[in-house]
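Asks: So for the sequence shown, the working numbering puts the first residue at 77; every next one is plus one.
Positions of the beta carbon are idealized from the N, C-alpha and C atoms, including for glycine.
Can you read through this structure? Questions will come right after.
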Amino acid sequence: MNGISRRQDEENLVQIPAGPVTLSGNLEGLGGTRGIVVFAHGSGSSRHSPRNRYVARVLREAGLATLLMDLLTSEEEVVDMQLRHLRFNIELLAERLVGATDWLKQNPETQNLRIGYFGASTGAAAALVAAAERPEVVGAVVSRGGRPDLAESFLPRVQAPTLLIVGGEDTLVIDLNRAALAQLCTEKKLEIIPGATHLFEEPGALEEVARLATDWFVHYLLSDHKQGLPG
77 MNGISRRQDE
87 ENLVQIPAGP
97 VTLSGNLEGL
107 GGTRGIVVFA
117 HGSGSSRHSP
127 RNRYVARVLR
137 EAGLATLLMD
147 LLTSEEEVVD
157 MQLRHLRFNI
167 ELLAERLVGA
177 TDWLKQNPET
187 QNLRIGYFGA
197 STGAAAALVA
207 AAERPEVVGA
217 VVSRGGRPDL
227 AESFLPRVQA
237 PTLLIVGGED
247 TLVIDLNRAA
257 LAQLCTEKKL
267 EIIPGATHLF
277 EEPGALEEVA
287 RLATDWFVHY
297 LLSDHKQGLP
307 G
């Protein structure tokens, strides 16, 4: 595939053209799957986030491919560490995610895969905007501790089945997610994990996030999903 270099450990290092920039990513688990999940990380995070890497590993164990990518270039990350403005530029982040989606659909190894988005924090808003922009190819969205309110004007246009996961102690974000849920006009669900805070650092919390996300993506990307909402 154009832009992919293969290493002995079978991790695929990719360079993804997205408008005027090229983004870095890790593409894994392609063998024999019918679905791929693209990760859109949140503010101040990266494709090396241990939380997202854990969830990605669980998804691959369930038979899904994963693309962990940075939505900002390394140069932009350096600037954003000081100014903290790009991480909240949802339009820019969504544009980058759309670029990665188009890249996946143009490459022979991935063009026939059903695509899902896993978004965290502000990355969840970018995922929802991108899903609204590419309704014909995005088959499912999962938000972890997300800010779907930042995608407010796009929410009624989202067609992909959407799961919102929030920690039970993350009270402000719960309210924001409930308001966003009401604006979504697709198959949707809000899961609140008792005792969990925003980063899901409590024992068992991230494991529950991974379980819920896996069930959602397997249902909507790997099956015909005629039996309704999972869980």
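Can you find the residues in the same chain that come closer than 6 Å, C-beta to C-beta, to T247, ignoring five residues on each side of it along the sequence?
Replies: On the sequence shown, position 171 is the one that residue 247 refers to. Correct list: empty, nothing qualifies.
Asks: Mind listing, in chain order, the continuous alpha helix (DSSP H) runs of no fewer than 4 residues lying wholly within the segment 213-300?
Replies: Runs found: 247-259, 281-293.
Asks: Would the beta-carbon of I269 fall within 8 Å of that of I250?
Replies: Numbered from 1 along the sequence shown, position 193 holds the residue referred to as residue 269. Numbered from 1 along the sequence shown, position 174 holds the residue referred to as residue 250. For I269 and I250, no; Cβs fall outside 8 Å.
Asks: Quick one: using the 10 Å Cβ neighbour count with 16 as the cut-off for buried, is P224 buried or exposed?
Replies: Within the sequence shown, the letter at position 148 stands for residue 224. That one is buried.
Asks: For E104, report the span of its beta strand (DSSP E) as first-last.
Replies: For the purposes of this step, residue 104 is taken as the residue at position 28 of the sequence shown. 97-104 is the span of the beta strand (DSSP E), which, as asked, contains E104.
Asks: So, is S299 buried or exposed, given that buried needs 16 or more other C-beta atoms within 10 angstroms?
Replies: Here residue 299 refers to the residue found at position 223 when the sequence shown is read from its first residue. It is exposed - the Cβ of S299 has fewer than 16 other Cβ atoms within 10 Å.
Asks: How would you write the range of the beta strand (DSSP E) that T142 sits in, first residue to last?
Replies: For the purposes of this step, residue 142 is taken as residue 66 along the sequence shown, with counting starting at 1. Here the beta strand (DSSP E) through T142 covers 141-145.
Asks: Only counting the same chain, and skipping five residues up and downstream in sequence, which positions put a Cβ closer than 7 Å to that of L260?
Replies: Position 184 of the sequence shown, counted from the start, is the residue given in the question as residue 260. The answer, listed in chain order, is L231, V234, T238.
Asks: State the Cα-Cα distance for the pair L144 and L297, rounded to the nearest angstrom.
Replies: In the sequence shown, residue 144 corresponds to position 68, counting from 1. In the sequence shown, residue 297 corresponds to position 221, counting from 1. Rounded to whole angstroms, L144 to L297 spans 18 Å at the Cα level.
Asks: Alpha carbon to alpha carbon, what distance is there between L282 and A255?
Replies: Stepping through the sequence shown from its first residue, residue 255 is reached at position 179. Stepping through the sequence shown from its first residue, residue 282 is reached at position 206. Near 24 Å, if we compare the C-alpha coordinates of L282 and A255.
Asks: Pick helix, strand or coil for L148, following the three-state DSSP scheme.
Replies: Here residue 148 is taken as the residue at index 72 of the sequence shown, counted from 1. Looking at L148 - three-state DSSP - the assignment turns out to be coil, as it is neither helix nor strand.
Asks: As a quick exercise: from L252, L180, E228, pick the residue whose alpha carbon is nearest that of R210.
Replies: Working through the sequence shown from its first residue, we reach residue 210 at position 134. Cα-wise, what sits closest to R210 is L180.
Asks: Out of curiosity, what's the CA-to-CA distance linking D146 and N102?
Replies: Counted from its first residue, the sequence shown places residue 146 at position 70. Counted from its first residue, the sequence shown places residue 102 at position 26. Their Cα atoms are separated by approximately 9 Å.
Asks: Assuming P184 is part of the alpha helix (DSSP H), what are its boundary residues?
Replies: Locating residue 184 in the sequence shown gives position 108, counting from the first residue. First-last for P184: undefined, no H or E at that position.
Asks: Report the three-state DSSP secondary structure of R55 (helix, strand or coil).
Replies: Given a span of 77 to 307 for the chain in the structure shown, any question on residue 55 remains unanswerable.
Asks: Rounded to whole angstroms, what is the Cα-Cα separation between V97 and V113?
Replies: The sequence position of residue 97 within the sequence shown is 21, counting from 1. The sequence position of residue 113 within the sequence shown is 37, counting from 1. Straight-line Cα distance between these residues: approximately 22 Å.
Asks: Buried or exposed for G105, please, with buried defined as at least 16 other CB atoms from any protein chain shown within 10 angstroms of its CB.
Replies: In the sequence shown, counting from the first residue as 1, residue 105 sits at position 29. Under this definition G105 is a buried residue.
Asks: Count Cβ pairs between the segment 165-181 and the segment 122-140 that sit closer than 8 Å; are there 3 or more?
Replies: No, the segment 165-181 does not touch the segment 122-140.
Asks: DSSP beta-bridge partners for A94?
Replies: Numbered from its first residue, the sequence shown carries residue 94 at position 18. In the DSSP output, where bridge partners are listed per residue, A94 has V97.
Asks: Taking 7 Å as the limit between beta carbons, can you name the residues of its chain near A138, skipping five residues before and five after?
Replies: Taking the sequence shown and counting its residues from 1, one reaches residue 138 at position 62. The residues are T290, V294.
Asks: Give me whichever residues DSSP pairs with G111 in a beta bridge.
Replies: Taking the sequence shown and counting its residues from 1, one reaches residue 111 at position 35. Paired residue(s): R190.
Asks: Using a Cβ-Cβ cut-off of 6 Å (strictly less than) and excluding sequence neighbours within five positions of E278, which residues of its own chain qualify?
Replies: Against the sequence shown, residue 278 aligns to sequence position 202. Hits under 6 Å: G271, A272.
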